[in-house]
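Undergrad: Residue numbers (this note's numbering): 314 to 431.
Cβ coordinates follow ideal geometry from the N, Cα and C atoms, glycine included.
The structure's right below; bear with me while I get my questions together.
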């Protein structure tokens with residue numbers, strides 16, 4: 314199983330709207346791809362109560378060999394609906410790619426590099 318961090322970027326959305334979209338994306342990815350998702354956690358702030366979260370970020374675990382490709386297809390459908398969206402996919406080794414309307418071919422190669430997940 315591979316895990317990546319997925320971060321939504323939008324210059325037009327508020328933090329609240331971004332969190333709502335990420336919850337929607339989480340549900341859609343779990344329904345259409347063989348993945349587990351969870352809210353990405355941020356660094357703890359001194360004196361803060363509760364667990365910190367990273368706005369607009371999910372941890373995505375690919376359960377089966379085709380899950381990464383299926384998850385990328387979900388992202389493609391979102392970008393096709395709203396070309397202002399972009400998603401940064403970060404692998405555990407620190408490599409990352411920002412997926413947007415102009416670089417789908419590069420994104421497909423990146424997803425295939427997830428080893429056993431594409």
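List the DSSP bridge partners of residue 341.
TA: As a first step, residue 341 is located in the chain shown; it is residue number 28 there, counting from the start. Answer by DSSP bridge pairing: none, since residue 341 is not bridged.
Undergrad: I'd like the span of the alpha helix (DSSP H) that includes residue 399, first residue to last.
TA: By 1-based counting over the chain shown, the position of residue 399 is 86. Element bounds for residue 399: not the alpha helix (DSSP H) but the beta strand (DSSP E), 399 to 404.
Undergrad: For a quick check, are the C-beta atoms of residue 411 and residue 322 less than 9 Å apart?
TA: One-based indexing of the chain shown puts residue 411 at position 98. One-based indexing of the chain shown puts residue 322 at position 9. Yes, the pair counts as a contact, with Cβ atoms nearer than the cut-off.
Undergrad: Only counting the same chain, and skipping five residues up and downstream in sequence, which positions put a Cβ closer than 8 Å to that of residue 454?
TA: One cannot answer for residue 454 here, as it falls past the ends of the chain, which runs 314 to 431.
Undergrad: So residue 388 packs on residue 375, CB below 8 Å; how close in whole Å?
TA: Working through the chain shown from its first residue, we reach residue 388 at position 75. Working through the chain shown from its first residue, we reach residue 375 at position 62. Their Cβ separation, rounded to whole angstroms, is 13 Å, which puts residue 388 and residue 375 out of contact at 8 Å.
Undergrad: How about residue 368 and residue 332: are their beta carbons less than 9 Å apart?
TA: Along the chain shown, one-based indexing puts residue 368 at 55. Along the chain shown, one-based indexing puts residue 332 at 19. Cβ atoms of residue 368 and residue 332: closer than 9 Å.
Undergrad: DSSP three-state label for residue 396, please.
TA: Position 83 of the chain shown holds residue 396. The answer is coil: DSSP assigns residue 396 none of H, G, I, E or B.
Undergrad: Less than 6 Å between C-beta atoms, sequence neighbours within five positions excluded: which residues of the same chain meet that for residue 427?
TA: As a working note, residue 427 is residue 114 in the chain shown. Closer than 6 Å at Cβ, skipping near neighbours: 315, 381.
Undergrad: Where do the ends of the beta strand (DSSP E) carrying residue 318 lie?
TA: In the chain shown, the residue the question calls residue 318 occupies position 5. Here the beta strand (DSSP E) through residue 318 covers 315 to 322.
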